[in-house]
Amino acid sequence: MLKTKFKASLIHLLLSATVVGLFVAFALSIWYPNPFFEISGLKAIILILLSVDLVLGPLLTFIVFKPNKPSLKFDLAVIGAVQIAALVYGMYTIHLGHPVYVAYAVDRFTLINMADVNPLDAKQAELQASGWWKPILVYAQSPTDPKEQEQLVMEVLAGKPDIDARPQYYEPFNQHSQAVLSKGIKPEKLTTNADSKTKLDALLAKHNKTAADYAYFPLVGKEKDVIWVWDKTSAQAIGTLDVNPWALNHMAAAQP
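Here you go:
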């Protein structure tokens, strides 16, 4: 009997692991490409999804499984329904929480989630994110009309989304990349603290370049903010520094 229970539970586990594994692999590679998952704030949802579908389901199967049990089919159907409901809810939550845009505005990049915007508001068709593929890198261009600027400021002060979460102001990032990469956090600020200096030195040693070869920007996520490092020559992001960008000024001020 015990051997049969283990076998049924193992089969359930393998089926669940296949389905959940395929979805998680898709989500991490397409919806949350590195480094976005770490700062997205959805680790808890992923863990709940894994625990329900990979632990609770097979465990319940082990408990209820008994050959020739009259209600076995019903019991397994209930377990399957609960698993499917949990999986669908998890998928839906992860879909709504994934970044469809990474928007540059003023001095930082911000993850803009599916639930935060209507991609159809983007004026350019290529910037109307489908929501099912990788995040689109965009530049949020401030309006030039003074009245529109004033209205935007008043709306933001009233609690409405800032310009980085308004697709109608989006433009292709590559049209502004050189101007953006001429800005950023000065490398000297990253050396004012032992922790940030160590992390910067490790990144430079890995790529065999100098601090001046890169541009550094705050990358704002739901879970935490980090520093996004861009190669000035290739205009490509090459990694992140696990450093709070907003603490750098305090670190510098604290130096004797």
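For this note's numbering, count along the sequence shown from 1 and bump the result up by 606.
C-beta atoms are modelled at their ideal positions from N, C-alpha and C, and glycine is treated no differently.
- Query: Taking residue 647 as the reference, which of 837, 831, 835 and 788 has the closest Cα?
  - Reply: 831
- What's the gap between the Cα of residue 803 and the Cα of residue 794? 9 angstroms
- Query: Under the DSSP definition of a beta bridge, which residues are partnered with residue 553?
  - Reply: With the chain running from 607 to 862 in the structure shown, residue 553 is simply not present.
- Helix, strand or coil: how does DSSP classify residue 846 here? strand
- Query: On the three-state DSSP scale, how would you describe residue 746?
  - Reply: strand
- Item | Neighbourhood of residue 675 by C-beta distance below 8 angstroms, restricted to the same chain and skipping five residues each side | 681
- Query: Which residues share a DSSP beta bridge with residue 821?
  - Reply: 836
- Task: Could you pull out every unbroken alpha helix (DSSP H) segment of at least 4 residues lying fully inside the region 745-825, listed in chain order?
- Result: 752-763, 783-787 and 800-813
- Task: For residue 719, write down the residues that DSSP places opposite it in a beta bridge.
- Result: 705
- So, using beta-carbon positions, are residue 735 and residue 709 closer together than 7 angstroms? no
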